[in-house]
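Protein chains in written order, with our numbering: chain A, 1 to 427; chain B, 1001 to 1427.
Every residue, glycine too, gets a C-beta built ideally from N, C-alpha and C.
Values in this document were obtained by computation on a predicted structure and should not be read as measured data.
As structure tokens, the structure follows; a few thoughts come after it.
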């Protein structure tokens, strides 16, 4: 699809440059050149005279949000079955639903809904779990590609501890299917890339992990999985992997845990030990903090303040359908909210996250996994969302910064009036 | 306003009969006679042939929700200033905003927005704080009366520890203003009733409490206030009232703490002692559980499971603007969510609330404060809300009960297609 190579958006521009501050440029021009942010100006400099300007009026313009953990096939049951913990929830609700994606007609119907709603959301980048089914995962990638959003999508690997209806017969079969999927989709897409996706340690034999590690090296793939989400899960991993001293090692022993050659997202990290935290830091693992899911599944509250203080990489995820809302704006509010409860109830040495910090996590924090993404600083990819808050009436004057906070708390997809990814207008 | 005395709504009817179960009547008729629920029928019995039927199609019909704690003047700053605890938040944000309601023009502008949004919400009953200003509070009551919702509204009393801009000069002045307000509004409204509203113990001298107690007895008024929300607040009350052994006694010593002659709502009760809990039970005090506010202001999580086990009266409140959302559907989801975190982080002897229980709290739990309200059992007042969830697409068949849970989690005012209070159609 063609797009103007140089253009500007005009409005109230808000973005992070660091984790503790949101820069606000009222009624200004944000210029895009060849898909990249070229600058912010109160008046357009002469070199840009005559470029196309989309005037968003009094609306807010923020960087696109990066949802670094969610499950596309689970979107169908979001907001339902909310009275279970992780392992029961997987067996009772998740696995039976995911098994339906063996049927491509069902997958098409379900994924079309998911992809249309994701397109309307403030998310511009995402790292997404599919199911173990190659055909359905390719279908999901086809649909995502058309939207213009930039995503990683994973065909899930699982060869143990699943139900008969949702399990690959052997490590060999799982690896073979993965190679078929990679071959089918190689160079097929501009926006949609594969990511290696062992479901989590309880679902993958050592033999499978070994094969995936070989595939990872050969194809230079990034990796996504789950880590230290739930106490029952952690004990189970300890039983399954008696040779490891903590959960993260179950991935690390196969070379599937970060490092320069293996960019990795680990979802949750609610109950990570000091040793695990240290290893995540050393390996540059991205932590996908999913506060809504960790609440819904009674998992707990991850110590994000601690991770930030220690310099770890952290982004936010909606974790559909452990989380029920597809909105990354809601994820920002949730991150602040649960951090307050953690401060109050668990450890008052770890201060609650500020609004500025949570906004940073949803933009630059997770955006970094996709490159120079998540800010409007010069040289960042031009991912932008236009938010109209006129629906929320108020009797008093409000600062742009306060309007942004309010939008995040009252978030609603009616507010989203425009979306750009790498300079391309999606709507 | 006239309305048909006998009519029916047709759709998927969902309501509580007890705290552990939601009754579902698919594609059925809910008959209203003289403002009261007369029965639910799969086919209309002969006696009702020819009555007016509003066919809601595949929509859900639930009892109107009772919001038993919120502050109308704070609606203007909902979702902003979310990085403070209670006492700082009151001084920095709340009191300066409330002081503006001395200006009737400002009050009209602000309250019009609040009342219009409340009308569009799923709330049919509410117990609302105004400000200390008589004129603005009467204006709020005028606006609420017009909507047809049934509400209690309180002119706030506060004669100590406030800022100069928001404090009554003396107990006498506060009492006099209260009497003026009661006289102005006596017999003026069909739907809107006064409720005595000492802000909270730190804001009211003993002399004022004494005068309010006299007014309460003379005018047979119900009472609303705040209790044991925040640790700093509780310590402060202990200093202010050295003669009491717990916070609740600061109200009880003046006879402003429940009992048959003084129906009372106490908001929060996050940190109530055993003695306080016992007294609330004895006095039949209604606890307004406000999970979103208790999260936003880092107050903590009230032990609602414990209160239910002990047979206390509990309803839900949005607590605008400690809570940011006016939606009581959201309050239901929040109540479930925080109870899970409490189970996980504080006390795993207290099981999380189920969806059914939280739905009960928002309907029958709080509804009881208003009479036979909050259910569709025969003889209950006909408060009903029509919810259309067709906006939330899904690939699989769903039960009505699951659709209700999903609606609560994904709640959005676009779903609310109709609202009735005591049989009167608001829209």
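Quick one: which chain A residues come within Cβ less than 8 Å of residue 1355 (chain B)?
82, 83
Using a Cβ-Cβ distance cut-off of 9 Å, determine whether residue 12 (chain A) contacts chain B.
no
What do you reckon, are the CB atoms on residue 329 (chain A) and residue 122 (chain A) nearer than 9 Å?
yes
Under 8 Å between beta-carbons, which chain B residues line up against residue 296 (chain A)? List them in chain order, please.
1337, 1340
Can a CB atom of chain A be found closer than 9 Å to the CB of residue 1412 (chain B)?
yes
Can you find a CB in chain B that lies within less than 9 Å of the CB of residue 371 (chain A)?
no
From B:1255, B:1237, B:1281, pick the residue whose C-alpha is nearest to that of residue 1216 (chain B); which is it?
B:1255
According to DSSP, is residue 477 (chain A) helix, strand or coil?
Past the edges of chain A, shown from 1 to 427, lies residue 477 (chain A), and the structure says nothing about it.
Quick check on the DSSP output: what are the complete beta strand (DSSP E) runs of length 3 or more inside the stretch 1126-1169 of chain B, in order along the chain?
1150-1154
Member of B:1403, B:1326, B:1318 whose CA lies at the smallest distance from the CA of residue 1355 (chain B)
B:1403
Just grab the DSSP bridge partners of residue 41 (chain A) for me.
A:29
So for residue 180 (chain A), helix, strand or coil by DSSP?
helix
Residue 1163 (chain B) versus residue 1196 (chain B): straight-line alpha-carbon distance, rounded
22 Å
Please list, in chain order, all residues of the same chain as residue 1020 (chain B) whose beta carbon is under 6 Å from its beta carbon, the five residues on each side excluded.
1356
For a contact meaning CB atoms closer than 7 Å, what does residue 324 (chain A) contact in chain B?
1409, 1410
Under the rule that 16 or more other beta-carbon atoms within 10 Å means buried, what is residue 49 (chain A), buried or exposed?
exposed
Mind listing which residues of the stretch 1280-1310 of chain B have their C-beta closer than 9 Å to chain A's C-betas, in chain order?
1292, 1294, 1295, 1296, 1297, 1298, 1299, 1300, 1301
Can you give me the start and stop residues for the alpha helix (DSSP H) that residue 304 (chain A) sits inside?
304-309
Using CA atoms only, rank isn't needed, just tell me which of A:119, A:25, A:87 is closest to residue 58 (chain A).
A:25
From what residue to what residue does the beta strand (DSSP E) around residue 1225 (chain B) run?
1223-1227
What residues of chain A sit near residue 1109 (chain B), judged by a beta carbon separation below 7 Å?
395
Going along chain B in order, which residues have a C-beta closer than 7 Å to the C-beta of residue 405 (chain A)?
1079, 1080, 1082
Taking the straight line between their C-alpha atoms, what separation do you get for residue 81 (chain A) and residue 1052 (chain B)?
37 Å
What's the C-alpha gap between residue 1342 (chain B) and residue 360 (chain A)?
28 Å
How many whole angstroms separate the CB atoms of residue 1250 (chain B) and residue 1270 (chain B), which I take to be in contact at a CB cut-off of 8 Å?
The pair is not a contact, with the Cβ atoms about 16 Å apart (cut-off 8 Å).
Under 8 Å, with one C-beta from each stretch per pair, do the stretch 1127-1147 of chain B and the stretch 1342-1351 of chain B reach the 3-pair mark?
no
Alpha helix (DSSP H) runs contained entirely in the stretch 1091-1131 of chain B, provided each spans 4 or more residues
1095-1099, 1104-1120
Minimum length 4: unbroken alpha helix (DSSP H) runs contained in the stretch 1291-1371 of chain B:
1291-1296, 1304-1309, 1328-1345, 1355-1360
At 8 Å on the CB atoms, spell out the chain A contacts of residue 1346 (chain B), in chain order.
345
Is the stretch 1103-1115 of chain B in contact with the stretch 383-390 of chain A, if contact means three or more CB pairs nearer than 8 Å?
no
Endpoints, the alpha helix (DSSP H) within which residue 219 (chain A) is located
206-219
If we call anything under 9 Å between Cβ atoms a contact, is residue 423 (chain A) one with residue 66 (chain A)?
no
Could you tell me whether any Cβ in chain C is nearer than 9 Å to the Cβ of residue 1333 (chain B)?
In the structure shown, chain C cannot be found, because the protein chains are A and B.
Listed by chain order, chain A residues near residue 1113 (chain B) by CB distance under 8 Å:
393, 394, 395
Roughly how many angstroms separate the alpha carbons of residue 1209 (chain B) and residue 1198 (chain B), rounded to a whole number?
8 Å
Alpha-carbon to alpha-carbon, residue 1419 (chain B) and residue 1003 (chain B):
Annotation note: pLDDT 47 at residue 1003 (chain B) (below 50); position unreliable, no value reported.
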